[in-house]
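**Student:**
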Amino acid sequence: MTPTEKAAPAPDQPTAYVNARLMDPATGRDTPGALLSLNGKIADLGENLFSGGVPDSIQTIDCNGHILAPGLIDMRVHLGEPGEEHKDTIASATAAAAAGGITTMVCLPNTNPPIDDVSLIEFMARRAREKGLVKIYPYAAITRGCAGTELAEMGILAEAGAMAFTDGQRALANSLVMRRALSYASTFDLLIMQHPEDPELVEDGVMNEGEVATRLGLSGIPSAAEPIMVARDMRLVEITGARYHVGHISTADAIDIVRRAKARGLPVTCDTAPHYFTLNETAVGNYRTFAKTSPPLRSEEDRLAVIEGLKDGSIDAIASDHTPQDQDSKRLPFAQAECGIAGLETLLPLSLALYHSGEMTLLDVLGKLTANPADLLRLDEGRLAVGAPADLVVIDPNAVIGKLHELGLTALPRVVLPPPQTYDPDAKTFQRSIDVPLDNLADAAMVTLEFRPAIRDFPANAVLKTVVDGSESAFSTANDDLQRLLGFDAKGDVATATLVLDAIPKDGRVRFQFESPTGTLHPPACTVYSYLRLPVGVSVDFRPNVIANAAQPPFRVSAAHGATWLCA
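Residue numbers (my numbering): -14 to 553.
See the structure below:
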């Protein structure tokens, strides 16, 4: 249910949030109660507040027993503006953030041009005031142009409003430059953030090095590239004493280095992103570019290590690492496609999966999204306390807010349909097996599997209301980040069909081809996959991305053997 209210609150009017479950990770509060906001600040809160009723002069919002928590703080967001507005703008990003319960977002400096000058910080502040539905704070570049050679004017940038310093998606690889940056930051008590990859080891790698990369024929990035960079920086932190933060940490070895550094008392923190504890390298599947990220998706062992790091406090925060890409940047061969996953709307539901699975308490999960990033960046937001900003989010952790698309499957005769499809939450795919006996293939003029998009409810964690400085943010779920994360470019989902061959053709060759209207498949239409000398009973996975549209015609997967194509 959506919270009911007497009237939309104005920022300068008192507003009462009643019948709420007050949840504040900063203090450990988890009690029923009410909250009063006035002039954009929290004026009062408690279990007995308004127990005798709310005066008529106060605007009232009934939370209907749902969670009232501090608004989320996303401390790692890539914005397309300035420079790549075709991918993302402040207006679109903040709308997605509000839909995801995020009231504060901190943007990385690797825009075009990079945020390495006071004028660009002022530009971001002005655009945020004009177009933003939520608060936006900027990071600034450690080096001019994020080039890794000459230090930016960090002191002046900090005075202008830079929250911390990072070269964004580029690791600061030069040890001398990093030492100078940390020494300068130590003098002025500034925070340095690092992208944890040794660029020389990354080189031309496009996914995690290992069995999956070898099987796909893709160049791998060794997981050692991350702990090598983190270990080097730990030594420099020991020398300088500066505050240091590792962004989107993803490997067990790097987490262990941070864990041991904290035990030694070093001022070191780190964050991770939802895709590093919900997905692993197998999500790349048949060259699915939506799963191309930087750092890359890692092994299952690393994924479990990320969860363990979140549980034991080695990882301090969860950030979306929102990196939007346009379709032209993703509809490319895997090696050429851009890295990035959209994540603003999915930050909360994917993080709360840790709670639903029993890995973490609800307070602990919310703490990684509110109080912890606020403490790291020394923000006033992120807590329910008198005098704190009235940045609030109302959450129903068991609501259904999203629609995912599944396969409605029909087929020509001689194709045997299995029992109903299943949903694998780990693989994030719908799976259905289709048995196609070889003798039928040989006898048939064609065998065509026809797929049509259908829609089903998907259990997700609903953000019912987002409030910034006491004023409700208008938002919609039109950006569909949840669905984009799970595999489509805009409005579809990853659908998996498994074609099972009972025997092998005499010439040892089986070919399959996707056919669809232009622009409805990823990989592009008419991509041919060849499988040579397949063993008996082989399974071939198809993972086309279906763009949902009521008028969308079905697309077809055609199977062929030998030199004869079987196609519709």
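We treat Cβ as the ideally placed atom computed from N, Cα and C, and that holds for glycine.
Short of 7 Å in beta carbon distance, which residues of its chain neighbour residue 448, apart from the five on each side in sequence? Order them along the chain.
**Tutor:** The residues are 84, 85, 86, 333, 378, 380.
**Student:** Where does residue 572 sit, in a helix, a strand or coil, going by DSSP?
**Tutor:** This structure cannot settle anything about residue 572, because the visible part of the chain is limited to -14 through 553.
**Student:** Buried or exposed for residue 310, please, with buried defined as at least 16 other CB atoms from any protein chain shown within 10 angstroms of its CB.
**Tutor:** Buried, by the Cβ-count rule.
**Student:** Would you kindly work out how many angstroms separate the C-alpha atoms of residue 344 and residue 41, rounded to a whole number?
**Tutor:** Their backbone Cα atoms lie some 44 Å apart in a straight line.
**Student:** Would you kindly work out how many angstroms separate the C-alpha atoms of residue 545 and residue 179, rounded to a whole number?
**Tutor:** Any reading at residue 545 must be qualified, since the residue scores a pLDDT of 40, below 50, and its modelled position is unreliable; no value is offered.
**Student:** Please classify residue 289 as buried or exposed, where buried requires at least 16 other C-beta atoms within 10 Å of its C-beta.
**Tutor:** Counting Cβ neighbours within 10 Å, residue 289 comes out exposed, since fewer than 16 surround it.
**Student:** Once DSSP output is grouped into helix, strand and coil, what is the label at residue 9?
**Tutor:** In the structure shown, residue 9 sits in a strand (DSSP, three-state: E or B).
**Student:** Would you call the CB atoms of residue 262 and residue 354 closer than 9 Å?
**Tutor:** It is not a contact, given that the beta carbons lie outside the stated cut-off.
**Student:** Report the residue ranges of all beta strand (DSSP E) runs contained in full by the region 199 to 250; include only those spanning at least 3 residues, in chain order.
**Tutor:** With a minimum length of 3 residues, the continuous beta strand (DSSP E) runs that stay inside the region 199 to 250 are 228 to 231.
**Student:** Report the rounded CA-to-CA distance for residue 446 versus residue 126, giving the unit in angstroms.
**Tutor:** No answer about residue 446 holds up, because its pLDDT of 43 lies below 50 and its placement is not dependable.
**Student:** Do residue 307 and residue 63 count as a contact pair if the criterion is CB distance below 9 Å?
**Tutor:** Yes, the Cβ-Cβ distance between residue 63 and residue 307 is below 9 Å.
**Student:** Near residue 33, which residues of its chain fall below 8 Å by C-beta distance, leaving aside the five closest residues on each side in sequence?
**Tutor:** Correct list, in chain order: 18.
**Student:** For the region 92 to 108 against the region 121 to 139, are there 3 or more C-beta pairs whose distance is under 8 Å?
**Tutor:** Cβ pair count under 8 Å is three or more, so yes.
**Student:** For residue 318, count the other beta carbons within 10 Å of its own beta carbon; 16 or more makes it buried, fewer makes it exposed. Which is it?
**Tutor:** By the 10 Å Cβ count, residue 318 comes out exposed.
**Student:** Residue ranges of each alpha helix (DSSP H) run of no fewer than 4 residues wholly in the region 63 to 107, ordered along the chain?
**Tutor:** Runs of the alpha helix (DSSP H) inside the region 63 to 107: 75 to 84.
**Student:** For the beta strand (DSSP E) that contains residue 122, what are its first and last residues?
**Tutor:** Start and end: 120 to 123.
**Student:** Assuming residue 357 contacts residue 302 under a Cβ cut-off of 8 Å, what Cβ separation, rounded to an integer in Å, is found between them?
**Tutor:** Confirmed, about 5 Å.
**Student:** If you compare alpha carbons, which of 148, 283, 55 is closest to residue 233?
**Tutor:** Of the listed residues, the one whose Cα sits closest to residue 233 is 283.
**Student:** With distance defined between alpha-carbon atoms, name the residue in 130, 108, 137, 75 nearest to residue 116.
**Tutor:** Nearest C-alpha to residue 116: 75.
**Student:** Excluding the 5 residues preceding and the 5 following residue 173 in the sequence, name in chain order all residues of the same chain whose CB lies nearer than 8 Å to its CB.
**Tutor:** 139, 140, 143, listed in sequence order.
**Student:** At what residues does the alpha helix (DSSP H) containing residue 187 begin and finish?
**Tutor:** Per DSSP, residue 187 belongs to the alpha helix (DSSP H) from 184 to 187.
**Student:** Excluding five sequence neighbours on each side, which residues of the same chain lie with their C-beta closer than 8 Å to the C-beta of residue 226?
**Tutor:** So the list reads 171, 252, once near-sequence residues are dropped.
**Student:** Report the rounded CA-to-CA distance for residue 241 versus residue 37, giving the unit in angstroms.
**Tutor:** Roughly 52 Å separates the two Cα atoms.
**Student:** So if DSSP puts residue 307 in a beta bridge, which residue, or which two residues, is it bridged to?
**Tutor:** Answer is 62.
**Student:** Comparing alpha-carbon positions, which option in 94, 198, 6, 57 lies nearest residue 359?
**Tutor:** That would be 57, whose Cα lies nearest to the Cα of residue 359.
**Student:** Using the Cα positions of residue 536 and residue 135, report the straight-line distance between them to the nearest angstrom.
**Tutor:** Caution is warranted here: a pLDDT of 36 is assigned to residue 536, below 50, making its placement in the model unreliable, and the coordinate value is therefore given only provisionally. Looking at the two C-alpha atoms, the distance is approximately 55 Å.
**Student:** Taking all protein chains shown into account, do 16 or more other C-beta atoms lie within 10 angstroms of the C-beta of residue 2, making it buried, or fewer, making it exposed?
**Tutor:** The residue is buried, with at least 16 neighbouring Cβ atoms inside 10 Å.
**Student:** Have a look at the DSSP bridge pairing and note the partners of residue 255.
**Tutor:** Bridge partners of residue 255: 231.
**Student:** Quick test of your reading: residue 300 and residue 257, contact by CB under 8 Å. State the CB separation rounded to the nearest angstrom.
**Tutor:** That pair is a contact at about 5 Å.
**Student:** So, helix, strand or coil for residue 127, using DSSP?
**Tutor:** The answer is coil: DSSP assigns residue 127 none of H, G, I, E or B.
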